[in-house]
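Comments concern the structure below.
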Amino acid sequence: MRKQIFLCTAVALLLGTAMDAAVYKGRKYYKNDCRPCHSMGDELSTSKTQDEWTALMDNKGIALATIHRSNKSAKDSIEYFNGKYYPKKARHLKDFLVEFASDSGNIPACD
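In this note's numbering, the protein residues as written are 1025 to 1135.
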């Protein structure tokens, strides 16, 4: 009985931590997917507060995608936001953007 409880607890902990979003993944996605168009480096992440980024990135980043889809100068990104990978990456991007928002006090390291 103890072995079963231990096994269930271990599996739950492993699955729980594997499903959490990660700032480092968000930074990687930001560098690969956002920086080519914005070309501002990490200044983009610090252009909004934590609450603003949270609102934009809630619900798998639909609000941010809507902004990009409606902006004529962002036509190169429409395919990215309409693709199947953006909703999967959105939680990681949210963690990164909130972590380094203008009111967070955190500064992204240089690469």
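Ideal placement from N, C-alpha and C gives every residue a C-beta, glycine not left out.
Contact with chain B by residue i, beta-carbon distance below 8 Å
i: T1078; result: Considering every chain present, this structure includes no chain B. It has just one protein chain.
Rounded C-alpha distance that separates residue i from residue j
i: H1092; j: K1108; result: 16 Å
i: S1101; j: Y1110; result: 11 Å
i: R1059; j: K1113; result: 15 Å
i: F1120; j: S1094; result: 24 Å
i: A1087; j: L1068; result: 16 Å
Helix, strand or coil at residue i [DSSP, three-state]
i: F1124; result: coil
i: G1129; result: coil
i: A1045; result: coil
i: T1073; result: coil
i: L1068; result: coil
Residue i versus the options, residue with shortest Cα-Cα distance
i: A1089; options: T1070, L1117 and A1046; result: L1117
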